[in-house]
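Novice:
4 protein chains.
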Amino acid sequence: MESKQLNKSKIFNDPVYGFISVQDDFVFKIIEHPFFQRLRRIKQLGLTHLVYPGALHTRFHHAMGAMFLMGEAIEVLRSKGQIITNEEAQAVNAAILLHDIGHGPFSHALENCIVYDLSHESISSLFMERLNKEFGGKLQLAIDIFRDKYHKKFLHQLVSSQLDVDRLDYLKRDSFFTGVSEGVISTERIIKMMDVVDDQLVIEAKGIYSIEKFIIARRLMYWQVYLHKTVLAAEFLLVKILKRAKFLAEQGQELFATPTFKEFLFNRYNKDDFEKQPQILDKFAMLDDFDIYASAKVWCDHTDIILATLCRNLVNRHLFHVEIQDHVFHENLINSIRQNTAQKLSISLNDTDYFVFAEKVENSAYNTNSVNINILYKNGDIVDIAQASDQLNISVLSKTVTKYFLCYPKGSH
Amino acid sequence: MESKQLNKSKIFNDPVYGFISVQDDFVFKIIEHPFFQRLRRIKQLGLTHLVYPGALHTRFHHAMGAMFLMGEAIEVLRSKGQIITNEEAQAVNAAILLHDIGHGPFSHALENCIVYDLSHESISSLFMERLNKEFGGKLQLAIDIFRDKYHKKFLHQLVSSQLDVDRLDYLKRDSFFTGVSEGVISTERIIKMMDVVDDQLVIEAKGIYSIEKFIIARRLMYWQVYLHKTVLAAEFLLVKILKRAKFLAEQGQELFATPTFKEFLFNRYNKDDFEKQPQILDKFAMLDDFDIYASAKVWCDHTDIILATLCRNLVNRHLFHVEIQDHVFHENLINSIRQNTAQKLSISLNDTDYFVFAEKVENSAYNTNSVNINILYKNGDIVDIAQASDQLNISVLSKTVTKYFLCYPKGSH
Amino acid sequence: MESKQLNKSKIFNDPVYGFISVQDDFVFKIIEHPFFQRLRRIKQLGLTHLVYPGALHTRFHHAMGAMFLMGEAIEVLRSKGQIITNEEAQAVNAAILLHDIGHGPFSHALENCIVYDLSHESISSLFMERLNKEFGGKLQLAIDIFRDKYHKKFLHQLVSSQLDVDRLDYLKRDSFFTGVSEGVISTERIIKMMDVVDDQLVIEAKGIYSIEKFIIARRLMYWQVYLHKTVLAAEFLLVKILKRAKFLAEQGQELFATPTFKEFLFNRYNKDDFEKQPQILDKFAMLDDFDIYASAKVWCDHTDIILATLCRNLVNRHLFHVEIQDHVFHENLINSIRQNTAQKLSISLNDTDYFVFAEKVENSAYNTNSVNINILYKNGDIVDIAQASDQLNISVLSKTVTKYFLCYPKGSH
Amino acid sequence: MESKQLNKSKIFNDPVYGFISVQDDFVFKIIEHPFFQRLRRIKQLGLTHLVYPGALHTRFHHAMGAMFLMGEAIEVLRSKGQIITNEEAQAVNAAILLHDIGHGPFSHALENCIVYDLSHESISSLFMERLNKEFGGKLQLAIDIFRDKYHKKFLHQLVSSQLDVDRLDYLKRDSFFTGVSEGVISTERIIKMMDVVDDQLVIEAKGIYSIEKFIIARRLMYWQVYLHKTVLAAEFLLVKILKRAKFLAEQGQELFATPTFKEFLFNRYNKDDFEKQPQILDKFAMLDDFDIYASAKVWCDHTDIILATLCRNLVNRHLFHVEIQDHVFHENLINSIRQNTAQKLSISLNDTDYFVFAEKVENSAYNTNSVNINILYKNGDIVDIAQASDQLNISVLSKTVTKYFLCYPKGSH
């Protein structure tokens, strides 16, 4: 029966939400597209699994989860009398599915290592335009919402704001797969409290503690997981490997790599190239975690001792030793470690930069300059969470915390 | 086989931790004692189940859970080289089991309504002394630790401090049974980070975010559950019922009640009485949720219209309407509602106090005057969490938040 | 705003499903009715909490949960093209809410102890009729569905069959609150597989393993929880208490009890009485766990040694010793224990029946004579699960397992 | 402090059990060895993630989890008076860590595709011997237990039997990551029921329902996950890719691959080779999921249309259509589909074997010929679960279920 077929939804298993149903045929087409299927091969959290072994989940799974939450949000808003047409619902679903499609291998870990002056957001944009062409313009509304060009602003806020379904999903999902239970948030409770006033997404006042909890949980996940010092050590190790490989490539040295990866190792494509040569995007679409890791494994036996050492350290999980503190590390300390390292590895002082380096990371729990989180009171007042919270006041929330860390090989200090 | 019997542990099922094993015979004897079994009939969260229907768990279950966490904490501390003798382990287990044994019907909800100048802590103390006599002094060490008279202070801190196993269990358990998932804390992670330095319980620095999360989760549970306005409305309703019943009792009116409950309705026992007449404690030990509720149900048909109305409201869950705000309610408003109520219910203006009343509740996330939570850094420094946290600073943490609320019958305003 | 008010749903917190929304005003009225609110005071699993301390959940919570699953089932069936009108949806929701409203104190534990020839199903029927009158006939369709008088048979099957939402909820809920994780079933997966063919509820073939799992999980819950030997010991203790109290009442002995409970202790109401005297149902509606337990506590001091002993055993959790086996216990054994007990308690041999007794329990995993569970194959074939399952064949599934158990006071054998 | 250092345990995060502690230094050394770290790059469930997107967990995580359960089992057995020396405890931990170390890329999916007459068990054995040499014989006891050569047979049964910690972990873990909640088993409850009688691992009789549940859950996981028809389709696709690549390699065609993979593509190593040339094992130790997948991706552009088509189908998740039934597929049907496919893809009828093929899968819930699961009754009797279960009798449990399935390209029939 045709009519039944149309009704039949596709079901995806998800340990986080149980089942994710897809009823819209166009949305399902996006999911089936090779560009989107590629996200199955890009881990959501880069090399975090070297610290939290369960964190192997992919961008694909996250995008599906965010779409699930979008569906919940649409249902809640409609039940409160907000009008969201079927076309708009389809468009926000498409927009959230594609919001991070521009991510390259290992997500954030290798951002700026493979392509230079192009953020993953820009590449997402390029992908969307390409798909829009393929689908005969059917993605235009999704793109408009994504770029905040659509007149109903709250739809964009669902896709991208400080309380969008993207954040709601990744906190819950990352918490689930890492096992860091403190990151668990009640996405269901938060979404049930959503409403729209004057085209602004708002949270009903009785949800204020859930919002505070969400902000604190996000902050906890940042320091406990995303910026965990050993995770940073692992990801910087991969960055250094890429850097060395690129250096050798530029020197004209032979270097094993998958053809796709070679393309990006031996060329330096920028924004302009991507826009003018559409086939570069196609090549980028073939690149994922497998290319990088399979190549790095081969480099364990490279004649370049720096590259080989770095790669063996990655493969055998001999990560850097990391120190972390709230002020910069003293030059003298760094230099002394560099000298030890140079001697120990028989490399030049200059090259110790691959093994000894100081960096900093920053995080603020809430950004008062970004689209804020609004609390709706019973009397109709709307107040920024930073004002509304009785304890987590503005000065606390907006403070940027900076931490400095120093990596070096174990035993070099 | 005797030896096997000795080894065999008793196992309690617990949906929160899975299984709770009791291997110590003396500890098991305490659990089997009628004083402790009585806790099976006292709900941990009073009338909270009228708002969160799952919150029917008892003091018994909480005490068992806290004992489970105590066992985990002992194991962790011993594995870090801290010395805790078997005798001390038995004593802290006994102390945590008995820490709240003095609670009366509906826990906090009726504190000061049944017995006057005696806190539940004082009654706990009386119970412990009585048990100590029964057990031939075997509880002395537990009592010393409970009262912070034992030279190893950290043992007392495990039983009672701002990060004791009591709090760890009740947050997790209350969160589980209410379904307020934001209250979930990682008791396992926090306990793994425990250590002792200079006889002080400390938390290793890498656990700092879990501690912040714990403080915020506790605060959330306060406002979302313990001080939820409808929970307050329900509990004050019960308080008003008790007050009216006592008033009628003092007037010499007939009043159905279980004999045990009658004893406390028609007498006004104070601390002195409890100390001089041991049989009062025995009577108190027979009093629980069942006596109060069964009697209140009978009072639905009492000739006193005030008592009958209040009781019917409880039984049929017609709770007060509650308004909540951050400043006091205006006298005029209250008076006007009182007048409406007097007219509507045909009672004197004076008696409207049973139906219309303003109260306040307070909460602070962290008490800087109490035993503080110490963070241990790798260099050996120990810092109060209020100083150690980079964002939740002292002024924020220690601030007391006050909320004012006004209860009145639905439709009286 | 009126329109918004209408849209606004009432939300109930539930640790099992998260939130349960009620959008239908009439359904909400049923929930608010004192007859339904009374279910808050009747534990779903009687005295099971004496073995599984978390099992304090109530009939109220179960009925709400079953209604939640009904909503899910309706949504799934509608999405597959089945027609369920809003009126029918309201009616099945009402029917499932009220399906067990006739349960008395401690649910099954005391069935037949308080009222004699009336099953809880019959009392449920009486309650529904009464409510139907009160609501001006608005419950008629619900009653018709409940009694399987409505032409769409599958609606009745959702309310009552071997795979109804009642069973789905109680297995999941009882598993949750006892902590017996093996009882967990995927209600979501089973409901997603539901469909209707020829007015029969069917399960799509790919759900067959979930159904097998459901049948096995139910069987496990029977032996591990519902018919757990210590649970049986506790519940029979309460039965014996009721029996002795009734005996004493009939002897004209004085007996403390709440007035409502007295009514049923000192009278022997049967079906006829319930039908002719409507006020009896009103009295029954005031009876719950609190009346029984509060009275039993008082009887601990009764002059009748049998009653007092039984009640103290209950209150202090000195449960019978239980032996369980798959064949009947030998008369000689029972008699010898009776004689010991008579001597030990100084009671007549006849009266030892209160302390020493043999009973049997039965359970079959699947009843082939009842409404069966149908599996729908892709080719349109519909097959009974007992035939469809490749391993759990009919002979296995339908076999009734009988176990015999013997209770007696500890130390009497 | 040295002593403290010794005590300090390494902690691994695990979303399934919370934390996994490793206190034994030798066991930690095994975990850190490159042979074991390699398991981080081999997915536990091959290509199952193409159906259950969360199922990306690795052999590393499973081995760690099994070791965690081994620790629980040792603790329980010791608490029941069983003697397990520290040396034996270390050895069973090592044995369980290494029990599956011989798995190649994608675990079972590619068994026999990369190496021919060597099961993963044999390769595990080779790895253990190699490691034993490296560790100076310290693994001998672990190896003896693994091979059931040690006099305490129950230690081997913990490592390998029908109720070993391997099965307990993989059922729980696979259930967790796939989200198939019906597979959840209570590992904690089962382990608490373990004991040893006459050197046989037994389960106390009251655990019988948990064991039945375990057997049924395992069966459910087989049909719902491990032998799910789409999972089979995905894994056979990979098998066909390997077969074609090997064929082309043998033809002398050029074929991109990582050097390690090339070694196994262009050579046909057998058992004899592995034993005589130790360096082959070293090469095998460098092979993992990344080599296979990265190479397959490159082959999407290969000039051989068969290889290219198969690889594109994998990468873009265009899986075979699968039919499944309980009897063999008719030759005529298969031939007709082959002809359609040959025409459609312009390949020879012979080559359609890469796209059209019939296979069968088998499973039995319980193997009566293998080491059985023993139930220990209170009277000391020990009975095989197949006899002990009152419903899941031997004939049911031991029956082998066979299913036949037919794969072909979508639209070829």
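Protein chains in written order, with the working numbering: chain E, 237 to 649; chain Y, 237 to 649; chain D, 237 to 649; chain R, 237 to 649.
Virtual Cβ for every residue (Gly too), placed ideally from N, Cα, C.
Since we're looking at a predicted model, the values are computed, not measured.
What runs of the alpha helix (DSSP H), each 4 residues or longer, lie entirely inside the stretch 329 to 376 of chain R?
Specialist: 356 to 370
Novice: Given 8 angstroms as the limit, is there contact between the stretch 496 to 513 of chain D and the stretch 367 to 382 of chain D, that is, 3 or more CB pairs closer than that?
Specialist: no
Novice: Secondary structure at residue 282(R), three-state DSSP: helix, strand or coil?
Specialist: Coil, per DSSP.
Novice: Between the stretch 454 to 466 of chain E and the stretch 278 to 292 of chain E, are three or more C-beta pairs nearer than 8 angstroms?
Specialist: yes
Novice: Please confirm whether residue 439(D) and residue 609(D) have their CB atoms less than 8 angstroms apart.
Specialist: yes
Novice: Listed from N- to C-terminal order along the chain, which residues in the stretch 394 to 415 of chain Y have their beta-carbon within a distance smaller than 8 angstroms of any beta-carbon of chain D?
Specialist: 412, 413, 414, 415
Novice: Could you spell out where the beta strand (DSSP E) holding residue 599(E) opens and where it closes?
Specialist: Segment 593 to 600, the beta strand (DSSP E) holding residue 599(E).
Novice: Which residues of chain D have a Cβ atom closer than 7 angstroms to the Cβ of residue 552(Y), listed in chain order?
Specialist: 270, 273
Novice: Do you know whose CA, among 395(E), 289(E), 366(E), 279(E), lies nearest residue 303(E)'s CA?
Specialist: 395(E)
Novice: State the CB to CB distance for the pair residue 330(D) and residue 263(D), rounded to an integer number of angstroms; the pair is presumed to be in contact (CB under 8 angstroms).
Specialist: Right, their Cβ atoms sit about 6 angstroms apart.
Novice: Using C-beta distances below 7 angstroms, list every residue in its chain close to residue 644(D), excluding the 5 sequence neighbours before and after it, in chain order.
Specialist: 556, 557, 573, 577, 591, 592
Novice: For residue 602(E) versus residue 451(E), is the C-beta distance shorter than 8 angstroms?
Specialist: yes
Novice: Using a Cβ cut-off of 8 angstroms (strictly closer), state whether residue 534(R) contacts chain E.
Specialist: yes
Novice: At what residues does the alpha helix (DSSP H) containing residue 549(R) begin and finish?
Specialist: 541 to 551
Novice: From residue 258(E) to residue 617(E), what does the alpha carbon distance come to, in whole angstroms?
Specialist: 37 angstroms
Novice: Decide if residue 487(E) is buried, meaning its Cβ has at least 16 other Cβ atoms within 10 Å, or exposed.
Specialist: exposed
Novice: Which of the three DSSP states, helix, strand or coil, is assigned to residue 240(Y)?
Specialist: A caution first: residue 240(Y) carries a pLDDT of 37, below 50, which makes its placement in the model unreliable, though a value can still be read off. Under the three-state reduction of DSSP, residue 240(Y) is assigned to helix.
Novice: Just to confirm, does residue 350(R) get its C-beta within under 7 angstroms of one of the non-hydrogen atoms of the ligand MG?
Specialist: Because no ligand of any kind appears in the structure shown, any question about the ligand MG cannot be addressed here.
Novice: Taking residue 460(R) as the query, report the chain D residues whose CB atoms sit under 7 angstroms from its CB, ordered along the chain.
Specialist: Simply 445.
Novice: Sort 585(Y), 565(Y), 525(Y), 490(Y) by Cα distance to residue 342(Y) and report the nearest one.
Specialist: 525(Y)
Novice: Could you compute how far the alpha carbon of residue 270(R) sits from the alpha carbon of residue 373(R)?
Specialist: 18 angstroms
Novice: Considering only C-alpha positions, which residue in the set 619(Y), 490(Y), 512(Y), 640(Y) is nearest to residue 562(Y)?
Specialist: 640(Y)
Novice: How would you label residue 550(D), buried or exposed, when you count the other beta carbons within 10 angstroms and need 16 or more for buried?
Specialist: buried
Novice: Against chain Y, with Cβ distances strictly below 8 angstroms, would residue 634(D) count as a contact?
Specialist: The beta carbon of residue 634(D) sits no closer than 8 angstroms to any beta carbon of chain Y.
Novice: Would DSSP call residue 639(E) helix, strand or coil?
Specialist: strand
Novice: What separation, rounded to the nearest whole angstrom, lies between the Cα atoms of residue 339(Y) and residue 277(Y)?
Specialist: A straight line joining the alpha-carbon of residue 339(Y) with that of residue 277(Y) spans about 11 angstroms.
Novice: Contact between the stretch 468 to 475 of chain R and the stretch 487 to 505 of chain R: three or more CB pairs below 8 angstroms?
Specialist: no
Novice: Using the beta-carbon of each residue, which ones in chain Y are nearer than 7 angstroms to residue 206(D)?
Specialist: Look at the range of chain D in this structure, 237 to 649, and you will see that residue 206(D) is not part of it.
Novice: Taking DSSP's pairing of strands, which residues face residue 246(R) in a bridge?
Specialist: 258(R)
Novice: Buried or exposed for residue 636(Y), going by 16 or more other Cβ atoms inside 10 Å?
Specialist: By the neighbour-count criterion, in which 16 or more other beta carbons inside 10 Å mark a residue as buried, residue 636(Y) falls on the exposed side.
Novice: With a threshold of 16 other CB atoms inside 10 Å of the CB of residue 504(R), please say whether the residue is buried or exposed.
Specialist: exposed
Novice: The beta strand (DSSP E) that contains residue 416(Y), what's its start and end?
Specialist: Residue 416(Y) -> no beta strand (DSSP E), and no H or E assigned at all.
Novice: Nearest to residue 624(R) by CA position, among 448(R), 598(R), 434(R), is which residue?
Specialist: The residue with the shortest Cα to Cα distance from residue 624(R) is 448(R).
Novice: Assess contact between the stretch 408 to 420 of chain D and the stretch 353 to 364 of chain D, defined as three or more Cβ pairs (one per stretch) separated by less than 8 angstroms. Is contact present?
Specialist: no
Novice: Compare the beta carbon distance of residue 501(Y) and residue 545(Y) with 8 angstroms and say whether it is the shorter of the two.
Specialist: Note that the C-beta distance between residue 501(Y) and residue 545(Y) is not below 8 angstroms.
Novice: Provide the residue(s) that pair with residue 644(R) in DSSP beta bridges, ordered along the chain.
Specialist: 557(R)
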